[in-house]
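According to the numbering used here, the stretch in the sequence shown is residues 35 to 250, in order.
Structure, as structure tokens:
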Amino acid sequence: MIGRSQERDPFGGPDPFAPAKTATPQPAIAKVQDQPQKSSVVDDDIRAKLLQSAQVLAKETPLVEFFVMLGRSHDIPIVIDARALEELGISTDVPVTLDVQKVSLRSILNLVLEPMDLTYVIKDEILHVTTKESAEQNLIVQTYPLPKTLTGKAEQVATAVTSSIQADAWKAFGGPCTVSTIDDVLVIAGTERVHAGVVDFLEKLDDAFQRSKTNQ
Numbered sequence: 035m036i037g038r039s040q041e042r043d044p045f046g047g048p049d050p051f052a053p054a055k056t057a058t059p060q061p062a063i064a065k066v067q068d069q070p071q072k073s074s075v076v077d078d079d080i081r082a083k084l085l086q087s088a089q090v091l092a093k094e095t096p097l098v099e100f101f102v103m104l105g106r107s108h109d110i111p112i113v114i115d116a117r118a119l120e121e122l123g124i125s126t127d128v129p130v131t132l133d134v135q136k137v138s139l140r141s142i143l144n145l146v147l148e149p150m151d152l153t154y155v156i157k158d159e160i161l162h163v164t165t166k167e168s169a170e171q172n173l174i175v176q177t178y179p180l181p182k183t184l185t186g187k188a189e190q191v192a193t194a195v196t197s198s199i200q201a202d203a204w205k206a207f208g209g210p211c212t213v214s215t216i217d218d219v220l221v222i223a224g225t226e227r228v229h230a231g232v233v234d235f236l237e238k239l240d241d242a243f244q245r246s247k248t249n250q
């Protein structure tokens, strides 16, 4: 299991992957819904950690070693799906070079994985680094009760979600993800990144409607 290694820090000096010393933010989803019904407490804890501010200094670091250090620094168990990567011809030793500070851990993951056409899945209390194809074959189902500001607007919100968040990911546009509505609840089957986008979008939409009412 990557992320719990006790090997000596190959970078030397202060931990280049250490979280920035800032207050731990709460998951954005807490503002618009209860915790996802299909997620374990540990999975939710991992998602919360991805919102933490972090820093990374890596130079030509093998991918597997990069995630060993990242997982250890943030107390997140990380596993690389080597077989899935091999199908794309990607080695677990591909070098990673990155120097960023004061960005979310989620953004760091995206910066490293997106250029290689990879992504991540949080499942069974582990963050799995895998291919987008594999992630799309293991969609996560979550429910999103809409806040009072969006009551009665579920269909409109669903349409806005599919047109604003990774449009090509949705079934209506040839992708695997789906969204349906039951009263004032959205039911979404999507990838980890799609759900992260939904959480951010609903929070911004809620804020916009609240400001609109305040200004009336």
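For glycine and all other residues, C-beta sits at the position ideal for the given N, C-alpha and C.
Every value quoted in this text rests on a predicted model; they were computed, and no experiment measured them.
Among Leu220, Ala223 and His162, the one whose alpha carbon lies nearest that of Leu104: His162
Thinking C-alpha only, which one of Leu236, Ala242 and Asp151 is nearest Val219? Leu236
Please return the same chain residues whose Cβ sits closer than 6 angstroms to the Cβ of Ala203, not counting the five positions on each side in sequence. Gly209, Cys211 and Val228
Rounded separation between Leu143 and Ile199 - CA only: 18 angstroms
Would you kindly work out how many angstroms separate the C-alpha atoms of Phe243 and Glu120, rounded to a whole number? If I take the Cα positions, the gap works out to 46 angstroms.
Same chain only: Cβ atoms within 6 angstroms of Pro59, ignoring 5 sequence neighbours per side: Any reading at Pro59 is ruled out, since the residue's pLDDT is 44, under 50, leaving its predicted position unreliable.
The alpha helix (DSSP H) that contains Glu237, what's its start and end? Glu226 to Asn249
Secondary structure of Ala57, DSSP reduced to three states: Its pLDDT being 46, under 50, Ala57 is placed unreliably in this model, and the value from its coordinates should be taken loosely. It is coil, neither helix nor strand.
So, Asp115 versus Thr164, is the Cβ gap smaller than 8 angstroms? yes
Nearest residue (CA-CA) to Cys136, options Gln89, Ile80 and Glu189: Note on residue identity: the sequence assigns Lys, not Cys, to residue 136. Considering only alpha carbons, the answer is Gln89.
Assign Lys83 to one of two classes, buried (16 or more other C-beta atoms within 10 Å of its C-beta) or exposed (fewer than that). buried
Per DSSP, what are the beta-bridge partners of Val163 in this structure? Listed as beta-bridge partners of Val163 by DSSP are Ile114 and Tyr154.
Is the beta carbon of Ser138 sitting closer than 8 angstroms to the one on Ser87? By the CB criterion at 8 angstroms, Ser138 and Ser87 fall inside the cutoff.
Say whether chain C places a C-beta atom closer than 8 angstroms to the C-beta of Thr164. No chain C is present in this structure, which holds just one protein chain.
Using the Cα positions of Ile160 and Thr225, report the straight-line distance between them to the nearest angstrom. 15 angstroms
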